[in-house]
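Structure first, commentary second.
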Amino acid sequence: MIEDTSNRATFVEKSNAGQVDLDNQTDEFFMHQAMSLAKKAQDAGEVPVGAIIVIDGVVIGQGFNQCITLNDPTAHAEMIALREAAQNVQNYRVIDATLYVTLEPCPMCAGALVHGRVTRVVFGAYDHKTGAAGTTMNLLQHNSLNHKVEVTSGCLQIECSAQISDFFKLRRKQRKQG
Ligand SMILES: [Zn+2]
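Counting from -8, one number per residue, gives the positions in the sequence shown under our numbering.
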C-alpha cells in the first residue's frame, strides 16, 4: 500500500464504501470468466485452470493452463495472463491489478505475481499439495519479500473445486476403459 497512492486511494475508498456485497458479486463475475477459460484448458486435455487479470473492471489479461500443449512447464494460467497484462499496460509491473484464478497459485506463479506487483489475488479452489497463497506456504504475503499481495480465498470454491476434481475423475475413468 506504499506505491502509487493516488490509485490505491480509489481502491480503498471503494472497499470502505460499504459495498461488500457488490464487491463479492464482482469477484464472482470475474471468477465465472476464469472458469470459462479453465474449460478451454480442459477441452485441450489440460488440467482445467483459468486466470483473468482486471484493472478497474477492465480485463487486461487472460490465460489458461497450456503446459502440455506448449511443452512448457511455466505455461500456467496465471503466467500467461500476467504476460498478456504486462504487454497490454506496456510495463513489467501490473500495478492496481486483481488476478482471478480458479485454483490457488503455485510457488512459481505466486513469485511471478509478487514480481509483477499485482495488488490482489482472488482464487477459487484450495490446492492442498502446492498452494502458495496460504495453504502449504504463503509466498504472496511473505515477510522476506518487498511486496505483499492481498488475498481473497475460496471465491466460488465449490464450483472451482468441482471443475478440477470432475476432470480428474473423468480422466481416471477414461484410463480404466482405455
Ligand atoms: Zn502456477
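Idealized CB from N, CA, C, for every residue including glycine.
Give the secondary structure of residue i by DSSP, where H, G and I count as helix, E and B as strand, and everything else as coil.
i      : result
Asn62  : coil
Ala88  : coil
Glu19  : helix
Gly171 : No information on residue 171 is available, as it lies outside the stretch -8 to 169 that the chain covers here.
Ala42  : strand
Ala68  : helix
Asn129 : strand
Leu94  : strand
Arg108 : coil
Ala153 : helix
Measure how close the beta-carbons of residue i and residue j come, nearest whole angstrom, since I'm counting them as under 8 Å.
i      : j      : result
Gly52  : Asn82  : The pair is not a contact, with the Cβ atoms about 12 Å apart (cut-off 8 Å).
Thr126 : Tyr117 : 5 Å
Leu94  : Val112 : That belief does not hold up - the Cβ atoms of Leu94 and Val112 are roughly 11 Å apart, past 8 Å.
Arg108 : His138 : 6 Å
Between the options, which lies nearest to residue i when the distance is taken from Cα to Cα?
i      : options               : result
Thr143 : Asp63, Ala35, Tyr91   : Tyr91
Ser27  : Asp157, Cys151, Arg84 : Cys151
Phe21  : Asn62, Glu37, Thr89   : Thr89
Glu75  : Gly145, Gln24, Ile44  : Ile44
Would you say the beta carbon of residue i comes nearer than 8 Å to a heavy atom of ligand 2?
i     : result
Phe20 : What this structure holds is ligand 1, not ligand 2.
Beta carbon shell of ligand 1 at less than 6 Å from a heavy atom: One residue list follows from the rule of a beta carbon closer than 6 Å to any heavy atom of ligand 1, given in chain order as His67, Glu69, Pro96, Cys97, Met99, Cys100.
Segment contact flag, the stretch 60 to 73 with the stretch 95 to 108, C-beta cutoff 8 Å, min 3 pairs: Yes, since at least three Cβ pairs between the stretch 60 to 73 and the stretch 95 to 108 fall closer than 8 Å, the two stretches touch.
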